[in-house]
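Just below is one structure, and these are the notes that go with it.
Chains as they are written, first to last, in this note's numbering: chain A, 375 to 652; chain B, 375 to 652.
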């Protein structure tokens, strides 16, 4: 039985989700809540059937998917009060989970399941949307005691149907993990590129192999994408940065000491291979 | 007029060079100097015409290409004394240049042009050799006052013919540059993966997007490849690590300060884009 999905924020992630649930036969109607310009693009691309204001879209939806910046999601949550159809699932795509889940819990009568699809592209925007974006990618759900177990199971089934590799963890565990696997690599890439930017004058040829391209790929991300993430995960990010600084200091001390540095390379290689053999 | 090339060390780089100069019509004969097992593989793959001991191979060669580890190149240089045909070009593929060039200058009567092809693959070995390996990749030459200008021009022409993007700089400038664009990213990727290895127990699922795969790709490199590089470039590597540590410390202090952190992201993004738009 196909359902109506409301996508609040029709960008790369929201648009891809709309395409994916439609292609999987989960949704027969997708309502977008976004700016008129975005809705018009999304309609012409066959991504949404209609664009409506939040107040008109939510009461029609069996599944509400909030996919905007973290602060926009936090701001929209209280506005859902009294609008959500009984039994409808409300979830989101925010990149940190504690702040969002905490706010959702403060909205009376709202049952909510936090989510984080770990997929993306270098380019953002609804024009980049693809039904296959989530295939084979991790999608973390962070239900709490205030979530409905049946809904968690239903949502998980739907996400698996669109090809995502779902897993369930607490908002706390999620934020601790992504601080290290996502936010730290971003900050590192940014610091490396900023450091090299200082060293290499514009006229100096930067001789570089593919390694530097990999290492600076994330440095291309605009701060606008990262501001909310870093702000809502600052404690875990600081812990992760401090642990890395410690490892780097240690590495600096053992440069030239073959056995110790070789051991660090071995540990690093083991982790890198484990990551690839999951 | 096709020439005879001696490749000392027939691995990924040496084998690819042999294939490339043959395909470009530069060489009509390639002699390999390597272990019997490697020579036999290289012969069966059509990469070398013959395998000979150094003492027999060098006197026949119009171009000598030393492509082994840095210390192996350093060890072989004095053995070239008196073997090189008058007018023959001697060059190498070592990843750092000061130590190698210094040693070459100490060998009486040897004219030498240091080189560094910035190309590679995740897998090493002669089986991985490809004629196209150097196409579109930087190839730095580091001649000194002891090099022969005509030979530099000839070598440069040959390298351009096999598709490399050649540039000339001093051994000092080369080592300073690669400390930052190659050795630093390697150490950073190693430190990141080692730090995460400490944090994530084997049983914990590591949730990760493509960013972490990019950031840990270099961490898969074996220490054996890096030991000589780091040892022969330790002063520049330490400077580069220190500059990065300073940037990371600054970043840690400005986490949560939007304007300052945004500025760092902007500088980093500018460098990353400049790197891609060369």
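Cβ atoms here follow ideal geometry from the backbone N, Cα and C, with glycine treated the same way.
From the DSSP output, in three-state form, read off residue i for me.
i                      : result
residue 481 of chain B : coil
residue 455 of chain B : coil
residue 489 of chain A : strand
residue 423 of chain A : coil
residue 561 of chain A : helix
residue 519 of chain A : coil
residue 582 of chain A : coil
residue 469 of chain A : coil
residue 621 of chain A : helix
residue 591 of chain B : coil
residue 626 of chain A : helix
residue 499 of chain B : coil
residue 597 of chain A : helix
residue 569 of chain A : helix
residue 504 of chain B : coil
residue 442 of chain A : coil
Which residues in chain C have a C-beta closer than 7 Å to the C-beta of residue i? List them in chain order.
i                      : result
residue 571 of chain A : No chain C is part of this structure, whose protein chains are labelled A and B.
Comparing alpha-carbon positions, which option in the options lies nearest residue i?
i                      : options                       : result
residue 496 of chain B : B:387, B:463 and B:433        : B:387
residue 395 of chain B : B:518, B:533, B:493 and B:448 : B:533
residue 430 of chain A : A:412, A:445, A:393 and A:454 : A:454
residue 461 of chain B : B:475, B:481, B:486 and B:622 : B:486
residue 492 of chain A : A:519, A:413, A:521 and A:555 : A:555
residue 421 of chain A : A:407, A:402, A:443 and A:389 : A:389
residue 448 of chain B : B:631, B:602, B:613 and B:635 : B:602
residue 494 of chain A : B:539, B:636, B:585 and B:623 : B:585
residue 376 of chain B : B:384, B:393 and B:400        : B:400
residue 683 of chain A : A:559, A:408 and A:558        : There is no way to answer for residue 683 of chain A, as the model of chain A reaches only from 375 to 652.
residue 437 of chain B : B:463, B:459, B:480 and B:423 : B:463
residue 551 of chain A : A:444, A:615 and A:633        : A:615
residue 644 of chain A : B:547, B:522, B:517 and B:591 : B:591
residue 605 of chain B : A:626, A:419, A:529 and A:502 : A:626
residue 498 of chain A : A:628, A:596 and A:624        : A:596
Per DSSP, residue i forms a beta bridge with which residues?
i                      : result
residue 437 of chain B : B:379 and B:463
residue 405 of chain B : B:380 and B:424
residue 513 of chain A : A:491 and A:540
Can the beta-carbon of residue i be found closer than 7 Å to that of residue j?
i                      : j                      : result
residue 582 of chain A : residue 567 of chain B : no
residue 472 of chain A : residue 451 of chain A : no
residue 549 of chain A : residue 470 of chain A : yes
residue 427 of chain B : residue 457 of chain B : no
residue 535 of chain A : residue 435 of chain A : no
residue 598 of chain A : residue 564 of chain A : no
residue 588 of chain B : residue 641 of chain A : no
residue 466 of chain B : residue 489 of chain B : yes
residue 512 of chain B : residue 539 of chain B : yes
residue 416 of chain B : residue 384 of chain B : yes
residue 441 of chain A : residue 617 of chain B : no
residue 382 of chain A : residue 404 of chain A : no
residue 636 of chain A : residue 608 of chain B : no
residue 611 of chain B : residue 557 of chain B : yes
residue 542 of chain A : residue 515 of chain A : yes
residue 520 of chain B : residue 479 of chain B : yes
residue 406 of chain A : residue 444 of chain A : no
residue 527 of chain B : residue 508 of chain B : no
residue 649 of chain B : residue 580 of chain A : yes
residue 505 of chain A : residue 393 of chain A : yes
residue 475 of chain B : residue 545 of chain B : yes
- Scan the region 602–636 of chain A for residues whose Cβ lies nearer than 9 Å to a Cβ of chain B and list them as they occur along the chain. 604, 605, 608, 611, 612, 614, 615, 616, 617, 618, 619, 620, 621, 622, 623, 624, 625, 626, 629, 630, 632, 635 and 636
- Query: What residues from the region 552–566 of chain A come within 9 Å of chain B, judged by C-beta to C-beta, listed N to C?
  - Reply: 552, 554, 555, 556, 558, 559, 560, 561, 562, 563, 564, 565 and 566
- Could you run through the region 586–602 of chain A and flag, in chain order, every residue whose CB is less than 9 Å away from some CB of chain B? 586, 587, 588, 589, 590, 591, 592, 593, 594, 595, 596, 597, 598, 600 and 601
- Just by C-beta distance, which residues in the region 472–499 of chain B are closer than 9 Å to chain A? 490, 492, 493 and 494
- Of all the residues that make up the region 523–543 of chain A, which are near chain B by a beta-carbon distance shorter than 7 Å? 541
- Item | Residues of the region 507–518 of chain A with Cβ closer than 8 Å to any Cβ of chain B, in chain order | Flagged, chain order: 511, 512 and 514.
- Query: In the region 455–469 of chain B, which residues sit with their C-beta less than 7 Å from some C-beta in chain A, listed in chain order?
  - Reply: none
- Query: Can you list, in chain order, the residues of the region 399–431 of chain A whose Cβ is nearer than 8 Å to any Cβ on chain B?
  - Reply: Cβ contacts with chain B: none found.
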